[in-house]
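Student:
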Amino acid sequence: MSSYPYIRLRRNRKAQWSRDLSAAISVTPSDLIYPIFVHEGNDNEAIQALPGQFRLSVKGAVSIAQHAKELGIPALAIFPVIDKALKSDDGKEAFNPDNLMVRTIAEIKSKVPDIGLIADVALDPYTGHGHDGIIDDSGYVLNDVTIEALTAMSLQLAAAGADSIAPSDMMDGRVGIIRDALENEGWSNVQIFSYAAKFASNFYGPFRNAVGASALQGQPDKKNYQLDNRSGQIAMMEIEMDVAEGADMIIVKPGLPYLDIIKEAAALCSVPILGYQVSGEYAMLKWAANNGAFKYEQALLETMMSFKRAGCSGIITYGALEVAKEL
Ligand code: PBG
Numbered sequence: 001m002s003s004y005p006y007i008r009l010r011r012n013r014k015a016q017w018s019r020d021l022s023a024a025i026s027v028t029p030s031d032l033i034y035p036i037f038v039h040e041g042n043d044n045e046a047i048q049a050l051p052g053q054f055r056l057s058v059k060g061a062v063s064i065a066q067h068a069k070e071l072g073i074p075a076l077a078i079f080p081v082i083d084k085a086l087k088s089d090d091g092k093e094a095f096n097p098d099n100l101m102v103r104t105i106a107e108i109k110s111k112v113p114d115i116g117l118i119a120d121v122a123l124d125p126y127t128g129h130g131h132d133g134i135i136d137d138s139g140y141v142l143n144d145v146t147i148e149a150l151t152a153m154s155l156q157l158a159a160a161g162a163d164s165i166a167p168s169d170m171m172d173g174r175v176g177i178i179r180d181a182l183e184n185e186g187w188s189n190v191q192i193f194s195y196a197a198k199f200a201s202n203f204y205g206p207f208r209n210a211v212g213a214s215a216l217q218g219q220p221d222k223k224n225y226q227l228d229n230r231s232g233q234i235a236m237m238e239i240e241m242d243v244a245e246g247a248d249m250i251i252v253k254p255g256l257p258y259l260d261i262i263k264e265a266a267a268l269c270s271v272p273i274l275g276y277q278v279s280g281e282y283a284m285l286k287w288a289a290n291n292g293a294f295k296y297e298q299a300l301l302e303t304m305m306s307f308k309r310a311g312c313s314g315i316i317t318y319g320a321l322e323v324a325k326e327l
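Final position of the sequence shown in the numbering used here is 327; the numbers increase by one with none missing.
Pasting the structure below:
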């Protein structure tokens, strides 16, 4: 018998216990990565474009790390907000051995040793023009010169105590070259979480506002290095290449608008896939909830389920603390 009334799919949905038993996926705090912004100030400063998020002092970052750890969140992704006066065309503050990232990582590692620290590797917080690498006169980001800079940056971050290096620049070949340098310099256990499939997206708006890199100079967008949103297949090639070059985990971003990519990536490769619910996605949820559209925590949790259903092992989200509390 293969149809109604013998088959009533609602029977499994009749009660909470049965729905729980039927659930194919779940979300736990251990799935979450919390991205934080750190600045030089002594205070935590609210980020207007990201309601509920702060530019933290180094001390504030340590407290948040402690708090996240207590909530069962395994790792933080750290982004620096660099003083305008320290930004330059070549982003050289990125190689200052005593820069904000180095001090933040060292400080968190000494006070909260057990939380994973993922260090973003790209030049955009450090360049006056706001691009992720070194540009030529036309504003084009130069691939190989940029990789040299990213490699130096990666070694410095590894020495500071970063557990994972996360290149977010989309240059060709950088994973292999960074891996090689880490091996040669004695950092063979430092992971590489590669932003392998990173699309040029409007949804990064609040992030760029948070780090002061909104006004891109030379070229108005990042489309000559980040992926074009009209093609999903090339993302698979980016992912395959990064895995072959030694990436330990793969990041897909943005998240929800690119769930098709996440699902395909999870089917394609065996390394863990991390989905990044980016700043604009988070801001949309916050602003919609603040205007009465829905209950924020529940909507946020629903999006977490989407990431897991699509095949993510982990989710990078500004809502990590809230998700963990809700669970
Ligand atoms: C920079 C970087 C960006 C994000 C993470 N790393 C912005 C960009 O590429 O312009 C965006 C994250 C977010 O929007 O939450 N390399």
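Heads up, the beta-carbon is just placed ideally off N, CA and C, and yes, glycines get one too.
Only a predicted model underlies this, so the values are computations on that prediction, with no experimental measurement involved.
Roughly how far, in whole angstroms, is the beta-carbon of residue 12 from the beta-carbon of residue 18, given that I think they are within contact range, below 8 Å?
Tutor: The pair is a contact, with the Cβ atoms about 5 Å apart (cut-off 8 Å).
Student: Could you tell me whether any non-hydrogen atom of the ligand PBG is closer than 8 Å to the CB of residue 132?
Tutor: Residue 132: yes, Cβ under 8 Å from the ligand PBG.
Student: Could you check whether the Cβ of residue 267 sits closer than 8 Å to any heavy atom belonging to the ligand PBG?
Tutor: Residue 267 Cβ: outside cutoff for every heavy atom of the ligand PBG.
Student: Between residue 66 and residue 78, what straight-line distance do the alpha-carbon atoms span, to the nearest angstrom?
Tutor: Rounded to the nearest angstrom, the two C-alpha atoms are 14 Å apart.
Student: Would you kindly work out how many angstroms separate the C-alpha atoms of residue 318 and residue 115, rounded to a whole number?
Tutor: So the alpha carbons of these two residues sit roughly 17 Å apart.
Student: So residue 305 and residue 272 are supposed to be a Cβ contact under 8 Å. How far apart are they, rounded?
Tutor: Their Cβ separation, rounded to whole angstroms, is 18 Å, which puts residue 305 and residue 272 out of contact at 8 Å.
Student: Checking the sheet assignment: what are the DSSP bridge partners for residue 141?
Tutor: Answer is 135.
Student: Can you have a look at residue 204 and say buried or exposed, based on whether 16 or more other CB atoms are within 10 angstroms of its CB?
Tutor: Under this definition residue 204 is a buried residue.
Student: Secondary structure at residue 317, three-state DSSP: helix, strand or coil?
Tutor: Residue 317: strand per DSSP, three-state reduction.
Student: Within the chosen definition, does the segment 208–227 reach the segment 184–192 through at least 3 CB pairs nearer than 8 Å?
Tutor: Taking 8 Å as the limit for Cβ pairs, the verdict is that the segment 184–192 does not touch the segment 208–227.
Student: Residue 283 and residue 49 look like a contact to me (Cβ under 8 Å); what is the Cβ gap, rounded to whole Å?
Tutor: Sure, about 6 Å apart at Cβ, within 8 Å.
Student: Spell out the partners DSSP gives residue 119 in its beta bridges.
Tutor: 78 and 165, per the DSSP bridge assignment.
Student: Kindly list the residues whose CB is nearer than 6 Å to the CB of residue 37, restricted to its own chain and excluding five residues on each side of it in sequence; keep chain order.
Tutor: Taken in chain order, the residues that qualify are 55, 79, 81 and 210.
Student: Taking DSSP as the reference, what is the three-state secondary structure of residue 252?
Tutor: In the structure shown, residue 252 sits in a strand (DSSP, three-state: E or B).
Student: State the DSSP-derived secondary structure class of residue 173, mapped to helix, strand or coil.
Tutor: The answer is coil: DSSP assigns residue 173 none of H, G, I, E or B.
Student: Nearer than 8 Å: is that true of the beta carbon of residue 13 relative to any heavy atom of the ligand PBG?
Tutor: No, since every heavy atom of the ligand PBG falls outside the 8 Å radius drawn around the Cβ of residue 13.
Student: Between residue 89 and residue 129, how many whole angstroms is the CB-CB distance? I'm expecting something under 8 Å.
Tutor: That pair is a contact at about 7 Å.
Student: Would you identify the three-state DSSP class for residue 64, choosing helix, strand or coil?
Tutor: Residue 64: helix per DSSP, three-state reduction.
Student: Excluding the 5 residues flanking residue 161 on each side, which residues of the same chain have their C-beta closer than 6 Å to its C-beta?
Tutor: Contacts found: 105, 106 and 109.
Student: State the DSSP-derived secondary structure class of residue 275, mapped to helix, strand or coil.
Tutor: Residue state, collapsed to three classes: strand.
Student: Would you say the beta carbon of residue 136 comes nearer than 8 Å to a heavy atom of the ligand PBG?
Tutor: Every heavy atom of the ligand PBG is 8 Å or more from the Cβ of residue 136, so no.
Student: Can you check whether the CB of residue 118 is closer than 9 Å to the CB of residue 193?
Tutor: Result yes, Cβ atoms of residue 193 and residue 118 sit closer than 9 Å.
Student: Taking the Cβ atom as the reference point for each residue, do residue 235 and residue 153 lie within a distance shorter than 9 Å?
Tutor: Contact flag unset, no.
Student: What does DSSP give as the partner residues of residue 35 in its beta bridges?
Tutor: BP columns for residue 35 point to 77.
Student: Check whether the Cβ atoms of residue 179 and residue 146 lie closer than 9 Å to each other.
Tutor: Not in contact: residue 179 and residue 146 (Cβ atoms no closer than 9 Å).
Student: Using 10 angstroms around the beta-carbon of residue 24, count the other beta-carbons present and answer buried if the total reaches 16, otherwise exposed.
Tutor: By the neighbour-count rule (16 or more Cβ atoms within 10 Å), residue 24 is not buried but exposed.
Student: What did DSSP end up calling residue 197 once you bin it into helix, strand or coil?
Tutor: In the structure shown, residue 197 sits in a strand (DSSP, three-state: E or B).
Student: According to DSSP, residue 88 sits in a beta bridge with which residue or residues?
Tutor: Looking at the DSSP assignment, residue 88 forms a beta bridge with 127.
Student: Hey, would you say the C-beta of residue 120 is under 8 Å away from at least one heavy atom of the ligand PBG?
Tutor: Answer for residue 120: yes, Cβ within range of the ligand PBG.
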